[in-house]
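For what it's worth, my numbering labels the leading residue of the sequence shown as 695, then goes sequentially.
Everything below concerns the one structure shown next.
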Amino acid sequence: MLAPLIEEKERLLLTKEVRTSPERLRELLTEDFFEIGSSGRLLYKEEDTNTMDLGDIDVSLTDFNLEVIRDDVVLATYRTENRATGNVALRSSIWVRIDGTWKMKFHQGTPIP
Numbered sequence: 695m696l697a698p699l700i701e702e703k704e705r706l707l708l709t710k711e712v713r714t715s716p717e718r719l720r721e722l723l724t725e726d727f728f729e730i731g732s733s734g735r736l737l738y739k740e741e742d743t744n745t746m747d748l749g750d751i752d753v754s755l756t757d758f759n760l761e762v763i764r765d766d767v768v769l770a771t772y773r774t775e776n777r778a779t780g781n782v783a784l785r786s787s788i789w790v791r792i793d794g795t796w797k798m799k800f801h802q803g804t805p806i807p
């Protein structure tokens with residue numbers, strides 16, 4: 695099934711080891727990836743892939759759902775809660791299959807007040 699694979703990739707992108715590694719990020723993100731973070735910050739992968747660092751976060755991931763848009767495009771949605779602050783966000787990601795490998799093209803986090 696595709697949902698467990700994409701969920702695992704989402705979980706990897708929440709780990710310090712991946713978030714602070716430009717090499718690992720290049721493996722999981724498309725060349726034209728961009729993000730609208732829950733802070734409102736825009737991040738474009740192409741700006742500086744050698745020093746890209748998404749920072750360290752400690753969150754739980756729940757309510758994962760995957761919608762197939764096309765055979766090679768899916769939309770993942772889920773909820774995160776920051777273990778340190780209790781802040782909750784709804785998150786969505788667009789994943790595309792490129793040469794048989796699923797990579798994230800877009801991500802957005804929306805805080806829940």
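Ideal Cβ placement from N, Cα and C applies to all residues, glycine included.
- Under DSSP, residue 786 shares a beta bridge with 771, 802.
- Per DSSP, residue 706 lies in no beta strand (DSSP E) segment; the continuous alpha helix (DSSP H) that holds it begins and ends at 696 to 706.
- Here DSSP, grouped into helix, strand and coil, assigns residue 720 to helix.
- The residues 728, in chain order, have a CB closer than 7 Å to that of residue 738 in the same chain once the five nearest residues on each side in sequence are set aside.
- With respect to the 8 Å criterion, residue 770 and residue 754 are not classified as neighbours on the basis of their beta carbons.
- Annotation: residue 701 to residue 695 spans about 11 Å, alpha carbon to alpha carbon.
- Only residues of its own chain outside the window of five on either side were considered, and among them 712 have a CB closer than 6 Å to the CB of residue 718, listed in chain order.
- At the C-beta level, residue 752 and residue 777 come within 8 Å of one another.
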